Each structure stands twice: as structure tokens, then as C-alpha cells.
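Q: The structure under discussion is supplied below as C-alpha cells; questions concerning it will follow.
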DNA sequence: TAGATTGTTAATCGATTAACAATC
DNA sequence: TAGATTGTTAATCGATTAACAATC
């Protein structure tokens, strides 16, 4: 039964995560079945690509009958490593950090927000999403004791690298970087860049070529 | 002189925008020259790819001598359509919208934040980054009179589609979507999805395969 | 000059699209 | 059964990597 374990390509991983959002919508509306055609229409690609993506999962739909929305959602979650709760920590509770902490539905997608850190005295101790913002100096202890493996960096550029270093020293293996600099880290650390200004620039290019 | 005008590929456009951030750093540090090797080291890819990306620009470095940081930056800006100021409007001034409005350095990259909208009475009228938050009902008039072409949607999922429709009706051609739903819009509208939870999921996959 | 480094073509690799037999 | 739809292979397309002559 075990399909060959080779890595999924980044574009496929991205699309699978986006399919999941669509599936949740379907599930909420009590739709139990979705075809590759429907999913493609909702996503904006084509049925061939949807099937090819799903083909890489270990098991999927029933020949000729479409996919069970919740079975497919579950399978995507499992494949993305979201079956046992992944704990996330956010460093920097400015507007952006606050937005992540309050609006990202971690628990709907197999994750949990386990800690939030800042250095500003007027923010430390505040409650946010059932969590007390902790002093940055407690970071090392907390991420070790809570076994947090993913960190989101939402601090100003000048301190981002040092925050990164601290996270790495204490066992974080995945970093989501919202700061505006490239981070240096050992190769075994996965870094995902999420530079807002770059999205606007990409859009600018698209807009100017239509 | 005109190089063939064919579109740059999305991965190339993304990288170019990211190179620009690195170049700005170099320029700030008064470094005038950068080699493909250095840029690749800073970015985390290889010199071949850097040169291949730059090759698609109309003009670039000097054979054997590396690239002038500011000439290359300027050329990237030009290519991405950032030479004449692109006006951006943000809809939804919650934590996320506020973060975009206050922390994204639009003006450093050939853009300008020209308007911000919300529906909450306690937010409307507030000053944010030299801009008064306007009532959503003024959106149509404002984006037409100010000729805003790019809109960022930072509203809750339930109203995102209707905001999108309003933007499209009034001449917006590029949309940055931070809401958690897929938007339906005419084909000539460029939509860039920026779903935060999906970045976390991608990271989860990476982390679980190391 | 010699070493460094670009511009550019060619080769490789990987992702998307197309096609269709198998199945319900 | 016939129509719909999947699983899966093959063909196409595009992006990355390698290589090197040209140039400073």
C-alpha cells in the first residue's frame, strides 16, 4: 500500500494546502462529494492538475465517483504533517504578530498557537487568544518545555537575525519569516519567506503586463 | 536594443523582487558592486540562476565586472513596473490591514499607499500613516478619483467576495487577497493569494520531511 | 597578462497537460 | 447499460543547471 515516499514538489504542497481551504468550505456546506472538475473550478486550475496532485497522496477518491470531501481533507492534512498538533510560537506582537495570533485558525488545521513573545513592557502580560504574551527572555525555556517546533518572526528587520539565531539555538526547525531581511541559518532549518512587499511587486508586474 | 518582450516566469519575477530587497541592503551599506556569486550567497540560490534571471532584463551588468547595485536595482524596478508610482488601496483596517499600512515600505519600492477603508465607526477617520481611514461607502469614488489600481483585501472571509466585486466594478486591476476564500473575478483581473495559514502548512510539510 | 566574472547557449531536470483504460 | 470520473502513463512544456567563450 505504501506509495513511494518521495517528496512532494513545492508547487504541489502549496496547492494541496489551498485545496484544503476549499474542502473545508465544502464540508461546512455539508457537501460530501467533490469531483476533480469542481475542485479545479473553485481553485482556478484544471482537473488534470488536481488529479495529478491527489495522485501523489497515498489514497484518495473512488474511481468514477469523485472524492469524499472529508476523507480527502483528512488525507491532505496527514500528508502535510498536520495529524499530530504542531505547536507554533510567534515572536513580535506588533500589528502583524497580533493579526497572526488572533486571526489565523491554527486549530482548524492541525496546529496550535502555543506561545507569543515580545520585548515591550506594555505588551508583555497582555492576553491574546487565550495566551499571555511572554517576555522575550523566557523564549528559550518556553519553546523547549512546550516543544515548539515552528516559529514566526514578526519583528523589525534589525533584530530579526538575532531572533532567528535564538530560535535555532533552542531547537526550532521551521521558521516563517515576515521580516524584510534574508536570514542565515543552518541548512537543516526550513525557512519560509513571506515578504509582504514582494507580493505587491509581483502583482505590479502582473498588472503591467495585461 | 529591445529584448524580446516575452513575459518573465512567475518564479523569476518573485526572485527579482527578492533580489531587490538584498540590493537595497547593499546600497544602504554603500556597496556599489555585487557579483552574481555574492547575490546568490545572500539569496540562497546559485550564481547560474541569478545570471539567468538577470539575463531576462533588458540591460544589466558589465562583462567580467559584476553588477552596479543601484543600476541593477533600478532595472529590476523598471521591469516590475515600479517606475511610475503604483497606487495601492487597503480594504479592512484590522490588525492585518493596519500592519500593512504602517509597516510596508511602499514608497521605497515605487508604490504609494493612497487610501484605506473600513466600515467600523471607531476606525473611520483615524489617521494611519498620514492617511485618514475612509468609510467603505466612499471606496468607489476614491479609487476612481485617485486612480488606484491595486487593492489589498484584509476583511473577514464572509465579506471578501463582495469587496472584491466592488473593487473590480470600479476599475481595480490587481488584487492582493489576504482573506481565506478563493475569489471569483473576471480573467483580466490579477489576483495574488496570500493565505497565511497556507504558509504555515507548507512549513509543516517541510519540517516533517527532514 | 591572468583571474574574475558576465552573457548566452545547450543539456538536464521537473512540472504540467493530455490522453485513455479502468471502474463505478 | 451509458455517462461520469478516477488513476495512471506518456507527451509536452518550462525552469534550472551546467558550461564556456567573451570581456574586463
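Residue numbers (the numbering used here), protein chains in the order written: chain A, 117 to 326; chain B, 117 to 326.
All residues carry an ideal CB built from backbone N, CA and C; glycine is no exception.
Predicted model, so just to flag it, every value in this text is computed and none were measured.
For chain A, check one thing: does any of its Cβ atoms lie closer than 7 Å to the Cβ of residue 143/B?
A: No, residue 143/B does not count as interfacial toward chain A.
Q: Taking buried to mean at least 16 other C-beta atoms within 10 Å of its own C-beta, is residue 147/A buried or exposed?
A: So residue 147/A ends up on the exposed side.
Q: Taking Cβ-Cβ distances shorter than 7 Å, what residues in chain B pair up with residue 292/A?
A: Those are 315, 316, 319, listed as they occur along chain B.
Q: So residue 221/B contacts chain A; which residues on that side make the cut at Cβ distance below 7 Å?
A: Those are 313, listed as they occur along chain A.
Q: Does residue 325/A come within less than 7 Å of chain B when only Cβ atoms are used?
A: Cβ-Cβ to chain B under 7 Å: yes for residue 325/A.
Q: Hey, would you say the C-beta of residue 320/B is under 6 Å away from at least one heavy atom of the ligand GDP?
A: Summarising the ligand content, the structure contains no ligands, and the ligand GDP is consequently not present.
Q: By the criterion of Cβ-Cβ separation under 8 Å, what are the contact partners of residue 159/B in chain A?
A: Correct list: 298.
Q: Take the Cβ of residue 316/A as the centre, count every other Cβ of all protein chains shown within 10 Å, and call the residue buried at 16 or more, exposed below.
A: Classification for residue 316/A: buried.
Q: Taking C-beta pairs closer than 7 Å, name the residues in chain B that residue 248/A reaches, listed in chain order.
A: Chain B residues near residue 248/A: none, gap ~18 Å exceeds 7 Å.
Q: Determine the closest residue to residue 243/A out of 225/A, 218/A, 226/A, with distance taken between C-alpha atoms.
A: When each option's Cα is compared against that of residue 243/A, the closest is 218/A.
Q: In chain order, what residues of the same chain lie with their CB nearer than 8 Å to the CB of residue 220/A, ignoring the 5 residues before and after it?
A: Correct list, in chain order: 229.
Q: Ordered along the chain, which non-local residues of its own chain (more than five positions away) have a Cβ less than 8 Å from that of residue 319/B?
A: Once the five neighbours on either side are set aside, residue 319/B has no close Cβ partner at all.
Q: Check the DSSP bridge columns for residue 228/B and list the partner residues they point to.
A: Residue 228/B pairs with 203/B.
Q: Residue 227/A to residue 257/B, Cα distance in whole Å?
A: Rounded to whole angstroms, residue 227/A to residue 257/B spans 42 Å at the Cα level.
Q: Can you pull the DSSP bridge partners for residue 262/B?
A: Looking at the DSSP assignment, residue 262/B forms no beta bridge with any residue, so it has no partner.
Q: Using a beta-carbon distance below 7 Å, is residue 215/B in contact with chain A?
A: True, the Cβ-Cβ gap to chain A drops below 7 Å.
Q: Is the Cβ of residue 153/A closer than 7 Å to any Cβ of chain B?
A: For residue 153/A, the answer is no, since every Cβ of chain B falls outside 7 Å of its Cβ.
Q: Can you tell which of 169/B, 234/B, 204/B, 250/B has its C-alpha closest to the C-alpha of residue 291/B?
A: Among 169/B, 234/B, 204/B, 250/B, the Cα nearest to that of residue 291/B is on 204/B.
Q: Are the C-beta of residue 120/B and some C-beta of chain A separated by less than 7 Å?
A: Residue confidence for residue 120/B is low, a pLDDT of 43 falling below 50, so the modelled location carries little weight; the figure read from the coordinates is stated next. With 7 Å as the cut-off, residue 120/B does not count as an interface residue toward chain A.
Q: Tell me, which residues are paired with residue 234/B by DSSP?
A: According to DSSP, residue 234/B bridges with 251/B.
Q: I'd like to know whether the C-beta of residue 128/B is nearer than 7 Å to at least one C-beta of chain A.
A: Not an interface residue.
Q: Please say whether residue 150/A and residue 183/A have beta carbons closer to each other than 7 Å?
A: It is a contact, given that the beta carbons lie within the stated cut-off.
Q: Comparing the C-beta of residue 310/A with each C-beta of chain B, is any distance below 7 Å?
A: Interface residue, yes.
Q: Check whether the Cβ of residue 117/A lies closer than 7 Å to any Cβ atom in chain B.
A: Any reading at residue 117/A must be qualified, since the residue scores a pLDDT of 31, below 50, and its modelled position is unreliable; no value is offered.
Q: Does the region 151 to 168 of chain A come within contact of the region 123 to 140 of chain A, defined as at least 3 CB pairs closer than 8 Å?
A: Touching, yes.
Q: Does the beta carbon of residue 197/A sit closer than 7 Å to a beta carbon anywhere in chain B?
A: So, interface residue.
Q: For residue 143/B, report the span of its alpha helix (DSSP H) as first-last.
A: Taken as a continuous stretch (DSSP letters only), the alpha helix (DSSP H) holding residue 143/B covers 126 to 144.
Q: Can you confirm whether the region 197 to 211 of chain A touches the region 257 to 272 of chain A when touching is taken to mean that 3 or more C-beta pairs between the two stretches lie within less than 8 Å?
A: Contact holds: three or more Cβ-Cβ distances are below 8 Å.
Q: What would DSSP say about residue 301/B, mapped onto helix, strand or coil?
A: Correct three-state label for residue 301/B: coil.
Q: Is there contact between the region 171 to 179 of chain B and the region 190 to 201 of chain B, where contact requires at least three CB pairs shorter than 8 Å?
A: Verdict: yes, contact present.
Q: Do you know offhand how far residue 268/A's Cα is from residue 282/A's?
A: Near 13 Å, if we compare the C-alpha coordinates of residue 282/A and residue 268/A.
Q: Residue 215/B to residue 179/A, Cα distance in whole Å?
A: For residue 215/B and residue 179/A, the distance between alpha carbons rounds to 47 Å.
Q: Have a look at 304/A, 302/A, 298/A, 322/A and flag the residue whose alpha-carbon is nearest the alpha-carbon of residue 311/A.
A: Checked all of 304/A, 302/A, 298/A, 322/A; the closest Cα to residue 311/A is 298/A.
Q: With DSSP as the reference, label residue 214/B as helix, strand or coil.
A: The answer is helix: DSSP assigns residue 214/B an H, G or I state.
Q: Compute the distance between the beta-carbons of residue 284/B and residue 305/B, then report whether it is under 7 Å.
A: Result yes, Cβ atoms of residue 284/B and residue 305/B sit closer than 7 Å.
Q: Taking all protein chains shown into account, do 16 or more other C-beta atoms lie within 10 angstroms of the C-beta of residue 236/B, making it buried, or fewer, making it exposed?
A: Classification for residue 236/B: exposed.
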